[in-house]
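Numbering (my numbering), first residue to last: 744 to 814. By construction, the Cβ of each residue, glycine as well, lies at the ideal position given by its N, Cα and C atoms. As the structure is a computational prediction, the values presented were derived from the model and not from experiment.
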């Protein structure tokens, strides 16, 4: 069952806002709150991309990088 794209977009927006809060209150380079917020963005982005494609056949103009894609 596919999620509504508007719901998925709301989750992505919320994840971005939570990441901003975590980044602004970062407690060191390896702050677990920032890392968790980072992964929440990735999960929400994928859910939105899937919902958008399932509902409208539309792709986003960007993709997430895997760890192996860097460099």
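query	result
Pick from 784, 751, 750 that is closest to residue 766, judged by C-alpha positions	784
Residues near residue 795 in its chain [Cβ-Cβ closer than 6 Å; skip 5 each side]	748, 801
Coil, strand or helix - residue 770 by DSSP	coil
Which of helix, strand or coil DSSP assigns to residue 748	helix
Buried versus exposed call for residue 782 [16 or more other C-beta atoms within 10 Å across all chains shown]	exposed
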